[in-house]
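Position one of the sequence shown corresponds to residue 1218 (this note's numbering), numbered consecutively onward. Positions of the beta carbon are idealized from the N, C-alpha and C atoms, including for glycine.
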Amino acid sequence: MLPKILHFSYLILLLILNKIHHSNSQPTINKKHTFGYTCNTNTSQYPCQTYVLYRPKPPDYLDLASIADLFNVSRLTISEPSNIANPSFGLNPDQPLFIPISCGCNPVRNQTLKSISFANMTYNIKPADTFYYVSSNHFGNLTTYETTMIVNPTLDIFNLTIGSNAYFPIFCKCPNTTQLRNRVNFLVTYVFQPNDSLSSIASLFRVTRQSIVDVNGDDINPYDTIFVPVSKLVKLNQPPGVPTNQTVVVSTTIDHDHKGVVVGLSVGLGVCVLLLVLVSGLLVYREVDNRKKSKERDFEGIKQGKFGKQGSERRIVKQLEQNLLLADVSDTLDKYKIYEIDELRKATNGFDEKNVIQGSVYKGFIDGKFHVIKKMKWNACEELKILQKVNHGNLVRLEGFSIDPEDASCYLVYEYIENGSLSSWLHENKGKLNWKARLRISIDIANGLQYIHEHTRPQVVHKDIKSSNILLDANMRAKIANFGLARSGCNAITMHIVGTQGYIAPEYLTDGIVSPKMDVFSFGVVLLELLSGREAIDDDGKVLWASAHEIWGYTEDTEKVKKLMEWIDKFLQKESCSVDALTNMMNVAIACVNKDPSKRPSMVDVVYALCKSDDLFYDISGNDFSTSPIRAR
1218 MLPKILHFSY LILLLILNKI HHSNSQPTIN KKHTFGYTCN TNTSQYPCQT YVLYRPKPPD
1278 YLDLASIADL FNVSRLTISE PSNIANPSFG LNPDQPLFIP ISCGCNPVRN QTLKSISFAN
1338 MTYNIKPADT FYYVSSNHFG NLTTYETTMI VNPTLDIFNL TIGSNAYFPI FCKCPNTTQL
1398 RNRVNFLVTY VFQPNDSLSS IASLFRVTRQ SIVDVNGDDI NPYDTIFVPV SKLVKLNQPP
1458 GVPTNQTVVV STTIDHDHKG VVVGLSVGLG VCVLLLVLVS GLLVYREVDN RKKSKERDFE
1518 GIKQGKFGKQ GSERRIVKQL EQNLLLADVS DTLDKYKIYE IDELRKATNG FDEKNVIQGS
1578 VYKGFIDGKF HVIKKMKWNA CEELKILQKV NHGNLVRLEG FSIDPEDASC YLVYEYIENG
1638 SLSSWLHENK GKLNWKARLR ISIDIANGLQ YIHEHTRPQV VHKDIKSSNI LLDANMRAKI
1698 ANFGLARSGC NAITMHIVGT QGYIAPEYLT DGIVSPKMDV FSFGVVLLEL LSGREAIDDD
1758 GKVLWASAHE IWGYTEDTEK VKKLMEWIDK FLQKESCSVD ALTNMMNVAI ACVNKDPSKR
1818 PSMVDVVYAL CKSDDLFYDI SGNDFSTSPI RAR
């Protein structure tokens, strides 16, 4: 009996220590909704796009790049709604920012709470992290450690593994039917501060105090989460940006007797700074002028054949090409690591064929972990520029790049995704993905496409969605890869048609129209692959989406279901899957592959439709998606 009591006492002590970790920097929080906010998809429109108001904290989150990585979004999607003029500048502590999130009604394994309304953020555990510290410090009390425990049932809160991923649920809500009729487009998540009042918040968002009370009540304490109903975001008054190589200066009070000394010193310092700027400017001008003349001499020497060896000419030309590429991608240098080409050669054993994954894509070992290294020609700048704009958990992450001065090739270094492509699982290892895994994969892909279509400006169109460009990580979660054909902007027309047969949208093939709806079409084909286990085009040259239209053309529902059950993957037939869930995915797929692009759904609609499946009551950690058969119902 005594050992049990001691063990129980030890657990209680650990809970208390976890709660007070870093309490010197955080006030006591008394949240009414400790375990999150329940939701109902029948009364509110889930999922929805909304915003949280976030206040950056020193020392880790005083720039948009780190905050964008924390919330899995791009810097531009924060800077534009937040009225930040220069996204590369630093931020002031507690400077208000609007951060876009995708809010969902998520089922959880909890006896009391069936579903909770939140946006799921993936966070990589670092030394000394606890759920409480990350929730209150990094995420600014936009969630609680209690809710984080609920959505991470497989993680040991007393022994978090450094480098592992945890899911942090950011509280949010979607407008209900009445609010939508009253033109409430967003319920902005806001953390009530100690010096706040309902009137001051109403003034900030330019809404009435009563509208906030109607949604949240009037019993609100410091650090409670509230939801502010707005029709559109207000324009935030932002302080001047802080250059990233400077520190924020905190003003102090100066005694009256010392003001004269300070003024004199300021004038003298100002004169010195002015002289320094003038001298520096002159030196920079001379350096630039010398480099310009040097390049002109190099070109002139090449033209006139003054270099005795071809190798000298080649080195000069390649060095110039390398400089041009670095100039084209200069905007990305603040975000990605630039690898030395010798480092990549060592990582791949000299780009040995044994390290080839496919084509010119290699597996390499750098800094103690595996990476994927993709060799490209120097026009990789377009892909780099697009990847600079995106940052989402369902997109393969770019780590850095390298340029080989010998042949001006560019090497993109990506995170390594352990389980390979969806295509290999469906068509080479047939019968290894259970129904829940396939459903989760479809939602992951849809979330990634929704992000690039809805949260990038201008919109990004991937243009090459196919099962071989969908990669599966260790938890069988899907990530979209290969942005080599991606383009910014939509409704453009091109005469250069590229893509993979069987996935290409009809309007792009015939008229060259580039729009997000072509990604929707390709996604529909991937859904059909998940359902049928068949490839996008068979040995006879017949495309999968055409055969799907044929079996779904029956008017009688009973006949449709019968044909569907004969058509789906034999492995799924053995699982006794829910007919409603299979029919729901088939309906979504058929809508996506409609020949008329105007009749295809948006990815927002697709995510909503797929998330309605009853089979989505799963373990959010992802561990429920094994490749073994699920229990028949």
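Limits of the beta strand (DSSP E) - the one that residue i falls within
{"i": "ALA1383", "result": "1382-1388"}
{"i": "ILE1697", "result": "1695-1697"}
{"i": "THR1442", "result": "1442-1447"}
{"i": "LEU1650", "result": "Per DSSP, LEU1650 belongs to no beta strand (DSSP E) and is neither H nor E."}
{"i": "LEU1688", "result": "1687-1689"}
Beta-bridge pairing of residue i - partner residues as DSSP gives them
{"i": "GLN1266", "result": "SER1319"}
{"i": "TYR1628", "result": "LYS1592, SER1619"}
{"i": "TYR1340", "result": "ALA1383"}
{"i": "GLN1575", "result": "VAL1578"}
{"i": "LYS1586", "result": "ILE1583"}
{"i": "VAL1715", "result": "Paired residues: none, contrary to the question."}
{"i": "PHE1335", "result": "GLY1321, PHE1388"}
{"i": "GLY1434", "result": "GLY1434 pairs with nothing; no bridge assigned."}
{"i": "ILE1710", "result": "ILE1730"}
{"i": "ASP1280", "result": "GLY1307"}
Three-state secondary structure (DSSP) of residue i
{"i": "ASN1664", "result": "helix"}
{"i": "PHE1568", "result": "coil"}
{"i": "ARG1189", "result": "Here the chain comprises residues numbered 1218 to 1850, so residue 1189 is not present and cannot be evaluated."}
{"i": "LYS1554", "result": "strand"}
{"i": "LEU1377", "result": "coil"}
{"i": "TYR1271", "result": "strand"}
{"i": "SER1242", "result": "In this predicted model, SER1242 has a pLDDT of only 37, less than 50, meaning its place in the structure is not dependable enough to derive any value."}
{"i": "PRO1324", "result": "strand"}
{"i": "ASP1935", "result": "Past the boundaries of the shown model lies residue 1935; the chain is included only from 1218 to 1850, so the question cannot be answered."}
{"i": "VAL1678", "result": "strand"}
{"i": "ARG1400", "result": "coil"}
{"i": "ASP1413", "result": "coil"}
{"i": "THR1360", "result": "coil"}
{"i": "ILE1721", "result": "coil"}
{"i": "ILE1634", "result": "coil"}
{"i": "ASN1611", "result": "coil"}
{"i": "ASN1354", "result": "helix"}
{"i": "LEU1453", "result": "coil"}
{"i": "LEU1372", "result": "coil"}
{"i": "ASP1255", "result": "It is Thr, not Asp, that sits at residue 1255 in the sequence shown. It is a strand residue."}
{"i": "VAL1501", "result": "Because the pLDDT of VAL1501 is 49, which lies under 50, any placement of that residue in the model is unreliable, and the number read from its coordinates should be weighed accordingly. Of the three classes helix, strand and coil, the one that applies to VAL1501 here is helix, per DSSP."}
{"i": "SER1261", "result": "strand"}
Rounded Cβ spacing between residue i and residue j (contact assumed at less than 8 Å)
{"i": "LYS1787", "j": "ILE1768", "result": "Not a contact, Cβ separation roughly 16 Å."}
{"i": "ILE1853", "j": "THR1364", "result": "Residue 1853 cannot be examined here, being either before or after the span of the chain that is shown, 1218 to 1850."}
{"i": "SER1299", "j": "PHE1315", "result": "5 Å"}
{"i": "ILE1603", "j": "LYS1696", "result": "Incorrect: roughly 16 Å between the Cβ atoms, too far for contact."}
{"i": "TYR1440", "j": "VAL1408", "result": "6 Å"}
{"i": "VAL1678", "j": "PRO1733", "result": "6 Å"}
{"i": "CYS1794", "j": "VAL1737", "result": "So it is not a contact: roughly 24 Å between Cβ atoms."}
{"i": "ILE1687", "j": "SER1638", "result": "6 Å"}
{"i": "LEU1827", "j": "ILE1660", "result": "5 Å"}
Element boundaries [alpha helix (DSSP H), containing residue i]
{"i": "LEU1643", "result": "No alpha helix (DSSP H) holds LEU1643; DSSP gives it neither H nor E."}
{"i": "VAL1408", "result": "Counting along the chain, VAL1408 falls outside any alpha helix (DSSP H), though it belongs to the beta strand (DSSP E) covering 1403-1408."}
{"i": "GLU1776", "result": "1774-1784"}
{"i": "GLU1767", "result": "1761-1768"}
{"i": "GLY1741", "result": "1733-1749"}
{"i": "ALA1808", "result": "1796-1809"}
{"i": "PHE1788", "result": "1787-1790"}
{"i": "ILE1295", "result": "1293-1299"}
{"i": "ALA1302", "result": "Looking at the DSSP string, ALA1302 is not in any alpha helix (DSSP H), and its letter there is neither H nor E."}
{"i": "ASP1822", "result": "1820-1828"}
Beta carbon proximity, residue i to chain B, threshold 9 Å
{"i": "PRO1304", "result": "No chain B is present in this structure, which holds just one protein chain."}
> Can you find at least 3 beta carbon pairs, one from the segment 1276-1295 and one from the segment 1364-1383, that sit closer than 8 Å?
Replying inline: no
> Hey, is the segment 1583-1593 in contact with the segment 1646-1657, meaning 3+ C-beta pairs nearer than 8 Å?
Replying inline: no
> Is the segment 1569-1587 close to the segment 1258-1272, with three or more CB pairs under 8 Å?
Replying inline: no
> Do the segment 1627-1646 and the segment 1798-1809 touch if we need at least three Cβ pairs shorter than 8 Å?
Replying inline: no
> Per the contact definition of three or more C-beta pairs closer than 8 Å, is the segment 1392-1406 in contact with the segment 1446-1460?
Replying inline: yes
> Just checking, does the segment 1712-1732 make contact with the segment 1749-1765 on the three C-beta pairs under 8 Å criterion?
Replying inline: yes
> Are the segment 1419-1426 and the segment 1384-1394 touching by the rule of at least three beta carbon pairs closer than 8 Å?
Replying inline: no
>> With a threshold of 8 Å, are at least 3 pairs of Cβ atoms found where one atom belongs to the segment 1656-1675 and the other to the segment 1553-1572?
In response: no
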